[in-house]
Structures are given as C-alpha cells and as structure tokens.
Amino acid sequence: MQKIVKIIPVILLLIFIAFQWHQPAPNTDEGQIYKTDFTRKYTMSAEVKTMFQTSCYDCHSNNTNYVWYDYIQPARNMVEKHIREGKEELNFNEWDTYSNRKQERLLNSIKKQIETKQMPLSSYTIMHNNAKLNDKQIKTLTDWLKEQQ
Ligand code: HEC
C-alpha cells in the first residue's frame, strides 16, 4: 500500500508531462493587416486603440500575443477555448464585414462588458496583468464608445 501511495505523484507527473504534447494550433496570422478592422472604421486616439488591442484582441482577433506560460497545459487548452468562443461572438479584425445592425448591437455590448468589468475575463487578467483595465481606462473607453453611438 505504501509503495502505491509513493508512486501516485510520479504517475501524476508523467500524466502532466504527457499532456504537454497536446498543443492546439496557435491563433496567429503573421501580422496580416485587415481593411475591415475595428480600429480602421472609427477615429480613435492611439491610447484607445492600444487599450482595445492589449485588453481585447488576444481573444477577439485572428492574432493572439501569447506569453510563454500560455503554452503550458492545461492553460493552453483554456486559452484556446476562450479564443474560439470569443472570436465566434466578436472578431475585431472582421468588424466591417458585420451588418450595421450587428455593429450597433456589438458597440452597445462592448460598452456594457467594459463598464461592468466582465471583459476582459478575470480568469485571463490574473495571468495577463497588462490586459487589466483600471477605472480611468474604463472611463476613457466608455466615453469614447458613447461618442460612437
Ligand atoms: C480571455 C479572452 C477574452 C478577452 C481578453 C476578452 N474577451 Fe470578450 N469574450 C470572451 C469569450 C470567451 C466570450 C463569449 C462567452 C462569454 O460571453 O463569456 C466573450 C464575449 C464578449 C462579448 C459578447 C459579444 C456579444 O455577442 O454580445 C463582448 C461584447 C466582448 N466579449 C467584448 C470584449 C472586450 C471589449 C474586451 C476587452 C476589453 C474583451 N471582450 C476581452 C473572451 C475574451
């Protein structure tokens, strides 16, 4: 019995190591430029643009800026799941392919998500501190969003 108990951590470690081999394809487009990008459609300051790109584009565009620990399982799977689901709802690179109605709905939704601090996802900002928005940044973004409506 004692022998088995001693072996358990070793087995867990082996499972952990084996799991690292499972690496889904990364979300990257090698620096492609999109005519339909959100930041091209509207006039915005460099500050606003950077905030969207830093805090939102990792899950809502075709290009994620990964950090090294994003490649470690099980975080890897979680990050990819967020990207897949995030892009399904909203892809900033494809903004101008959306109908006017959809853009209006999304602008409203973006404002609401930022105001209520639901986005960027807190499970993400814990590990990606630079994506976190402080109160001043939230105000700058929501003021800008109000001007677009
Ligand atoms: C860690 C990944 C991640 C980041 C970063 C992130 N999102 Fe999301 N977002 C998601 C996921 C996943 C969903 C879909 C499921 C849900 O709503 O939780 C989503 C949904 C949304 C929706 C809902 C779309 C709809 O149909 O109404 C909006 C709007 C949104 N995000 C805006 C933002 C904005 C703005 C930012 C940056 C301030 C941001 N997100 C950052 C993952 C992310």
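As numbered in mature numbering (1 follows the signal peptide of the UniProt record, and there is no 0), residues -24 to -1, 1 to 125 make up the sequence shown, in order. Glycine is no exception: its CB is placed at the ideal position from the N, C-alpha and C atoms.
Does the beta-carbon distance from residue i to residue j come in below 8 angstroms?
{"i": "His104", "j": "Val43", "result": "yes"}
{"i": "Met27", "j": "Gln125", "result": "no"}
{"i": "Asn38", "j": "Asp5", "result": "yes"}
{"i": "Lys87", "j": "Thr118", "result": "yes"}
{"i": "Ala107", "j": "Thr40", "result": "no"}
{"i": "Tyr18", "j": "Phe68", "result": "no"}
{"i": "Ile90", "j": "Leu66", "result": "no"}
{"i": "Arg77", "j": "Gln(-2)", "result": "no"}
Please tell me whether, using a cut-off of 7 angstroms, the distance from the CB of residue i to the nearest non-hydrogen atom of the ligand HEC is below it.
{"i": "Pro50", "result": "no"}
{"i": "Gln(-5)", "result": "no"}
{"i": "Asp111", "result": "no"}
{"i": "Ala1", "result": "no"}
{"i": "Leu(-13)", "result": "no"}
{"i": "Ile102", "result": "no"}
{"i": "Gln79", "result": "no"}
{"i": "Ser85", "result": "yes"}
{"i": "Glu6", "result": "no"}
{"i": "Asp34", "result": "yes"}
{"i": "Met20", "result": "no"}
{"i": "Ser98", "result": "no"}
When you compare each of the options to residue i by their alpha carbons, which one comes out closest?
{"i": "Thr15", "options": "Gln(-2), Phe(-6) and His36", "result": "His36"}
{"i": "Tyr47", "options": "Asn3, Leu121 and Gln94", "result": "Asn3"}
{"i": "Ala(-7)", "options": "Pro50, Ile(-21) and Gln(-23)", "result": "Pro50"}
{"i": "Val55", "options": "Leu97, Ser21, Trp71 and Gln79", "result": "Leu97"}
{"i": "Leu121", "options": "Leu(-12), Arg81 and Ile(-21)", "result": "Arg81"}
{"i": "Gln8", "options": "Glu123, Met20, Ile(-21) and Glu70", "result": "Glu70"}
{"i": "Thr92", "options": "Asp111, Ile102 and Met20", "result": "Asp111"}
In angstroms with no decimal places, state the Cα-to-Cα distance between residue i and residue j.
{"i": "residue 135", "j": "Lys(-19)", "result": "There is no way to answer for residue 135, as the model of the chain reaches only from -24 to 125."}
{"i": "Tyr10", "j": "Ile(-14)", "result": "47 angstroms"}
{"i": "His58", "j": "Ile(-17)", "result": "32 angstroms"}
{"i": "Ala1", "j": "Met95", "result": "24 angstroms"}
{"i": "Tyr100", "j": "Ser85", "result": "19 angstroms"}
{"i": "Tyr45", "j": "Gln(-5)", "result": "12 angstroms"}
{"i": "Arg60", "j": "Tyr74", "result": "18 angstroms"}
{"i": "Lys63", "j": "Leu(-12)", "result": "33 angstroms"}
{"i": "Asp72", "j": "Ile(-21)", "result": "60 angstroms"}
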